[in-house]
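In the working numbering, the protein residues as written are 2 to 346.
Every residue, glycine too, gets a C-beta built ideally from N, C-alpha and C.
Just so it is clear, the structure is predicted and the values come from calculations on it, not from any experiment.
Everything on this sheet refers to the single structure shown next.
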C-alpha cells in the first residue's frame, strides 16, 4: 500500500509539481485509449499482456436528488420500493440499511450488459457491516416486473447497519469504460522490465474515474491497494475467511521462511506477522490451489458503490462496498446468493 502511494503521489509527480507542471491524465474508457496510454508511457512491448487483463465496466454516474422519484426506478439510497404490504427488512441488530435498487430492464437497456434477468427490481440492503476483517451481510430482494409497489417509510428505530438512512439520488448514466487494476497487472513487473517507463502516469490513469462516478456496474473487484476482493468473498463463502491472507504463498518452504520473520517492538515484545496458527489454512490452500483459484475466478462483480457525498455514504475510511455474484448463478438469472465485502484504508 505504501509503495503504491509513493508511486502515485511521489517521484515523477513531485518532480512535475516542483517544475510548475500539473500532470494531466484522463480516465481510460476504451481499449483504443488503453493501447495509446500503454505506448505513450513506454510499455508498448507489453501491450498485449496489459490489454488481456482489461475488462469492460460501467461507471455509475451520480444524478440529481431522487426525492419524490416514481416508484420502481433505478436509484441509490432513500427508502425502498417493495411489493405492497411489505415490511422493512431487518437483521439481528435492527432494520437493514437500504443501499439502492436497480430496475434490471432499465440497467440492461442503458448498458447492454448480459443480464440473464431481463426485468425485475433488484433491491439491496446491508444487514450488517463493521470492519473489512468482518463479514458483510447483504440482503437482496428481487421483485418481479409488474408487481404493485409501495415506498416504505423509514423505521423510527436505529438502523442495524451503521450507514443508516442514505440520501436518495438518481443514476444519471452507466458510462462504459475499461477496468484495469494495479492488482491485476502487478504480476507483469512492468517497472522492472521497463525502468524508463512513465509509471506515475500509467498508475494514475488506472485509478482515474469519470466526473461524477460513485461506483461501477460489473467490472473488476479490486480495492484501492490492488487487493482482489473476490479472494475475500470466496474465502468467506467456503468457511475459511483467513485464506486471503495467505493467497500469495506458493510453497510450504516459502511459508516456513515467512514464519521465521520477527521484530522487537518498542515495549520489548517480539512480533511475528506469520506463525504456526496459519499452518492449517496454508496447507489447505497449497493442497487445493486450483479449486480455490477457480472459485475466485467464478465470482463476478455485480456492483460497487463508493463512499460518496451525494448519498451521504461513508464506509470505514471512505471505502467502497463490493457486491459479487457467482458467474453460474448470474447466467441462470439467480441473484439470491450475493456476496459483499468492504475495504478499510
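query, result
"What are the partner residues of residue 327, as DSSP defines its beta bridges?", "300"
"With H, G and I counted as helix, E and B as strand and the rest as coil, what does DSSP make of residue 188?", "helix"
"Per DSSP, which residues does residue 272 bridge with? Please list them.", "264"
"Looking at residue 169 and residue 70, is the spacing between their C-beta atoms short of 8 Å?", "yes"
"Classify residue 81: buried if its beta carbon has 16 or more other beta carbons within 10 angstroms, exposed otherwise.", "buried"
"To the nearest angstrom, how far is the alpha carbon of residue 61 from that of residue 287?", "38 Å"
"Helix or strand or just coil, what does DSSP make of residue 138?", "strand"
"Count the other CB atoms, across all protein chains shown, that sit within 10 Å of the CB of residue 1; report buried if there are 16 or more and exposed otherwise.", "Residue 1 lies beyond the residue range present for the chain, which begins at 2 and ends at 346; the question has no answer from this structure."
"Rounded to a whole number of angstroms, what is the C-alpha to C-alpha distance between residue 130 and residue 331?", "24 Å"
"Between the C-alpha atoms of residue 152 and residue 319, what's the straight-line distance to the nearest angstrom?", "29 Å"
"What does DSSP give as the partner residue(s) for residue 309 in the beta ladder?", "314"
"Is it buried or exposed for residue 154, if we count other Cβ within 10 angstroms and need 16 for buried?", "exposed"
"Indicate whether residue 148 and residue 125 have their beta-carbon atoms separated by less than 8 Å.", "no"
"Compute the beta-carbon to beta-carbon distance between residue 321 and residue 237, rounded to the nearest angstrom, for a pair I have assumed lies under 8 Å.", "No, residue 321 and residue 237 are not in contact; Cβ-Cβ is about 17 Å, not under 8 Å."
"Taking Cβ positions, are residue 114 and residue 218 nearer each other than 8 Å?", "yes"
"Check whether the Cβ atoms of residue 200 and residue 192 sit closer than 8 Å, and answer yes or no.", "yes"
"Suppose you measure from the CA of residue 289 to the CA of residue 342; what does that come to, to the nearest Å?", "23 Å"
"Looking at C-beta atoms only, is the number of pairs between the region 173 to 188 and the region 89 to 102 that lie closer than 8 Å three or more?", "no"
"Under 8 Å: do the region 228 to 245 and the region 257 to 272 share three or more Cβ pairs, one atom per stretch?", "no"
"Name the one or two DSSP bridge partners that residue 174 has.", "62"
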